[in-house]
Amino acid sequence: MKRIPLVKAFLLIFFSELGDKTFFIAALLAARNSPVVTFFGTFGALAVMTIISAVIGRTFHYVDGILPFRLGGTELPIDDIAAVILLLYFGVSTLLDASRDGVKAEEQEAELAVSELSGNGAEISAAATSAVISTFVLVFVAEWGDKSFFSTIALAAASSPLGVIAGSLAGHGVATLLAVLGGSLLGTFLSEKVIAYIGGTLFLLFAVVTLAEIVK
-1 MKRIPLVKAF LLIFFSELGD KTFFIAALLA ARNSPVVTFF GTFGALAVMT IISAVIGRTF
59 HYVDGILPFR LGGTELPIDD IAAVILLLYF GVSTLLDASR DGVKAEEQEA ELAVSELSGN
119 GAEISAAATS AVISTFVLVF VAEWGDKSFF STIALAAASS PLGVIAGSLA GHGVATLLAV
179 LGGSLLGTFL SEKVIAYIGG TLFLLFAVVT LAEIVK
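Numbering (our numbering), first residue to last: -1 to 214.
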């Protein structure tokens, strides 16, 4: 049972990131720069973002424990309910994006972000000491407020934070590695739509599982 948060986080983050803007950014940067530099810059940003998300989620959990939400005479786990709402939202939105070619929009946003990085290379070089830092900054800004950011908050609010962090880092690591090694190769096995549908389904599945735990 202790491994369930880890597995849930890994599956959710992995399939969310495969068709995400960050995935395309990493793939494009790896084609222009050192794959090793791109991997460490990208994964470093995602790791920091994961820890921040987990801390926010766990803080929400503790605040709920101190100041419980009551409806009538029943105490409701507002952190778990918020987690269900977030997971449902991202599940539905991911499936809708898949049906409306929203995945293509993610790729276009990634191309724009990378072109802006190249266009402002002199400014970024002056502010950063290495390509790792510039990659870190680009990915961190792109990932802030993204669906994986909020899904990590949701999972950490309702599950073991260490398991969520470990699973999320593993998911980010594998997805980033695939992007750096050649995101286009992934398309020979799975289409972007299929990946998005899998990710959206997992969001909804884990929302149902979390809701079932609340009812119990």
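For glycine and all other residues, C-beta sits at the position ideal for the given N, C-alpha and C. These numbers come from a predicted model, not from an experiment.
Pick from the options that is closest to residue i, judged by C-alpha positions
| i | options | result |
| --- | --- | --- |
| V130 | V207, A24, L179 and I151 | A24 |
| A215 | D18, I11, A205 and L176 | Outside the displayed range of the chain (-1 to 214) lies residue 215, so it cannot be described from this structure. |
| A7 | T48, P33 and L86 | T48 |
| Y87 | H170, G42, A29 and S146 | S146 |
| A168 | F148, S32, G42 and A29 | G42 |
Buried or exposed (CB count within 10 angstroms, at least 16 for buried), residue i
| i | result |
| --- | --- |
| Y195 | buried |
| I2 | exposed |
| L94 | exposed |
| V5 | exposed |
| A210 | exposed |
| G143 | exposed |
| I11 | buried |
| R98 | exposed |
8 Å contact criterion, which residue i and residue j should meet: CB distance rounded
| i | j | result |
| --- | --- | --- |
| L16 | V137 | So it is not a contact: roughly 15 Å between Cβ atoms. |
Cβ neighbours of residue i in the same chain (closer than 8 Å, five flanking residues each side left out)
| i | result |
| --- | --- |
| T40 | T20, I23, A24, L27, T133, F134, V137, T174, A177 and V178 |
Contacting residues, own chain, Cβ-Cβ under 6 Å from residue i (five flanking each side not counted)
| i | result |
| --- | --- |
| K191 | A96 |
| V35 | A129 and V130 |
| F165 | The residue asked about is misnamed: residue 165 is Gly in this sequence, not Phe. Excluding sequence neighbours, G165 sits near L4, A7 and F8. |
| R56 | A154 and P159 |
| P33 | V178 |
| F38 | V130 |
| A152 | A81, L84 and L85 |
| A126 | With a pLDDT of 41 at A126, under the threshold of 50, the modelled position of that residue is not reliable, and the figure given next carries that caveat. For A126, where only same-chain residues beyond five positions count, the Cβ hits under 6 Å are S132. |
Own chain, CB closer than 7 Å to residue i, minus 5 neighbours either side, in chain order
| i | result |
| --- | --- |
| A52 | T150, A154, P159, V162 and I163 |
| T208 | D78, A81, V82, L85 and A156 |
| G198 | G89, T92, L93 and A96 |
| G171 | F41 |
| N31 | A129 |
| L200 | L9, L10 and F13 |
| E141 | T20, A43, L44, M47 and F147 |
| F204 | K6, L10 and L85 |
| V206 | none |
Contact with chain C by residue i, beta-carbon distance below 8 Å
| i | result |
| --- | --- |
| T48 | In the structure shown, chain C cannot be found, because there is only a single protein chain. |
Mind listing, in chain order, the continuous alpha helix (DSSP H) runs of no fewer than 4 residues lying wholly within the segment 135 to 171? You should have 145 to 156.
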